[in-house]
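Numbering (the working numbering), first residue to last: 32 to 504.
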């Protein structure tokens, strides 16, 4: 730092490298994986032939020796089937042989028994071929969220996590507990949706003997039980309106008053709240206290739904399959159908239940594989329109590279730097400088999902750049 530069002049956000688009192999050899392949300056072949740039398993009988050609140009995935026996598939479509098709990223496609995801940046997926961590599947999106929550736990006592059912909200609360200064204290979880209205106050804050009919002994509330640790309030949007002022006081003053006494107790509790409802809309409708929302959401995170965490799905499928005795392996088309389904009713829980059902049915019928046909998966997949995939059919390339036959490209350092730079330029941040990112983050009150939507970048990218903020240090 120069003598006339102050710490305040240091940019809040830095980008250490441009994004590197490429392919992520997520299913091969009837098993999940997470292998990355950067796009090359020139198109390359994929197949079982050892000379291909990406060599598929020899055991994959659905793949041809030279199956397809993959390229990257003008910010698009370029796919060309090379006359394969079983075709190259994007969604429900089989690509015409010898014709180059262009697709916007991200795009999921199937070659033989392998599933590839073309992405704008490989960095979040790199270095991890197995996404299982302690029996839990942790993909790129959730790892970024987890790192952010670990940072939050060191700086804040209260935060709100939003997300659809089954996205992993309690898992994040447990992570907050483990990373916080209260890690050695208790972890207590309460579902506000399951508390009877008339017992809500006593279950949260406790009650003294005789406080209400049937109270024949003192009752310890959840806040007192969690003293010195972390309290997880699931479905906090279901909390009765008349109990909300008492919760507000507990969060503001860190004291509770059990029902049936005027005495107050000091508490030292971290509070994680979760909901899949829009609390601000509820406040506008008079169903929730706005001042309580401000206390619950000192910081707010929105968990991505499973349909945005495609790298996790093959591993979840395999975990669920293995839980069924005698279940056969899953075919690639079944896994692909799982990756195209919406799962918006229960996300991970919904996926696990459906895979277990399909695996049990396949085992009962003694099928060699778990097939997509005859399951609910294609119906689910059709409920949700495919991700906006811009497709174009391109003229055949001329010159030494042209023609439908093409040659097996040479691996190694043979790259056209200018062409590679031009391809990568399509993914440079679109005018998102330090000031814009800071303003968006502050304007959205730390809601990373809202920042990502506003700036048109992924949540993973926002999280990565947030970790560079001096405010967290």
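Virtual Cβ for every residue (Gly too), placed ideally from N, Cα, C.
{"Item": "According to the Cβ coordinates, are residue 286 and residue 300 closer than 8 Å?", "Value": "no"}
{"Item": "Using only alpha-carbon positions, find the residue among 362, 360, 346 and 339 that is nearest to residue 372.", "Value": "339"}
{"Item": "Please name the residue in 180, 185, 347 and 114 whose C-alpha comes closest to that of residue 200.", "Value": "180"}
{"Item": "If you drop the 5 nearest sequence neighbours on each side, which residues of the same chain put their C-beta closer than 6 Å to that of residue 217?", "Value": "257 and 260"}
{"Item": "Using DSSP with H/G/I as helix, E/B as strand and the rest coil, what is residue 182?", "Value": "helix"}
{"Item": "Would DSSP call residue 132 helix, strand or coil?", "Value": "strand"}
{"Item": "Note the first and the last residue of the continuous alpha helix (DSSP H) segment covering residue 254.", "Value": "253 to 256"}
{"Item": "With C-beta atoms as the reference, is residue 75 less than 8 Å away from residue 52?", "Value": "no"}
{"Item": "So, helix, strand or coil for residue 95, using DSSP?", "Value": "coil"}
{"Item": "Name the DSSP bridge partner or partners of residue 265?", "Value": "222"}
{"Item": "So, at 6 Å on beta carbons, what are the nonlocal neighbours of residue 274 in its own chain, with the 5 sequence-adjacent residues on each side left out?", "Value": "231 and 232"}
{"Item": "Can you have a look at residue 312 and say buried or exposed, based on whether 16 or more other CB atoms are within 10 angstroms of its CB?", "Value": "exposed"}
{"Item": "Classify residue 354 as buried or exposed, calling it buried when 16 or more other Cβ atoms lie within 10 Å of its own Cβ.", "Value": "exposed"}
{"Item": "Drop a sphere of 10 angstroms on the beta-carbon of residue 449, count the other beta-carbons inside from all chains shown, and report buried for 16 or more, exposed for fewer.", "Value": "With a pLDDT of 42 at residue 449, under the threshold of 50, the predicted position of this residue should be treated as unreliable, and no value is reported."}
{"Item": "When you compare the CB positions of residue 148 and residue 101, do they come within less than 8 Å of one another, or not?", "Value": "no"}
{"Item": "Report the rounded CA-to-CA distance for residue 341 versus residue 476, giving the unit in angstroms.", "Value": "28 Å"}
{"Item": "Only counting runs of 4 or more residues, tell me where the alpha helix (DSSP H) segments fall wholly within the stretch 305 to 389, in order along the chain.", "Value": "310 to 315, 321 to 327, 344 to 353 and 363 to 371"}
{"Item": "For residue 236, does the three-state DSSP call read helix, strand or coil?", "Value": "helix"}
{"Item": "Closest to residue 544 by CA distance: which of 364, 103, 188 and 160 is it?", "Value": "The first residue shown for the chain is 32 and the last is 504, placing residue 544 beyond what the model contains."}
{"Item": "Using DSSP with H/G/I as helix, E/B as strand and the rest coil, what is residue 63?", "Value": "strand"}
{"Item": "Smallest Cα separation from residue 384: which of 92, 369 and 324?", "Value": "369"}
{"Item": "Whose CA, out of 268, 67, 347 and 291, lies closest to the CA of residue 316?", "Value": "268"}
{"Item": "Buried or exposed: which applies to residue 163, given that a residue is buried once 16 or more other Cβ atoms fall within 10 Å of its Cβ?", "Value": "exposed"}
{"Item": "So if DSSP puts residue 124 in a beta bridge, which residue, or which two residues, is it bridged to?", "Value": "121"}
{"Item": "If you draw a straight line from the alpha carbon of residue 84 to that of residue 112, how long is it in whole angstroms?", "Value": "15 Å"}
{"Item": "By how many angstroms is the C-alpha of residue 77 removed from the C-alpha of residue 128?", "Value": "15 Å"}
{"Item": "Quick one, are the C-beta atoms of residue 350 and residue 382 less than 8 Å apart?", "Value": "no"}
{"Item": "Spatial neighbours of residue 197 within its chain, please: CB distance less than 7 Å, with the 5 preceding and 5 following residues excluded, ordered by chain position.", "Value": "377, 378, 379, 380 and 381"}
{"Item": "Return the CA-CA distance between residue 184 and residue 206, expressed in angstroms with no decimal places.", "Value": "9 Å"}
{"Item": "Let me make sure I understand the geometry here. Which of 124, 132 and 356 has the alpha-carbon closest to that of residue 105?", "Value": "132"}
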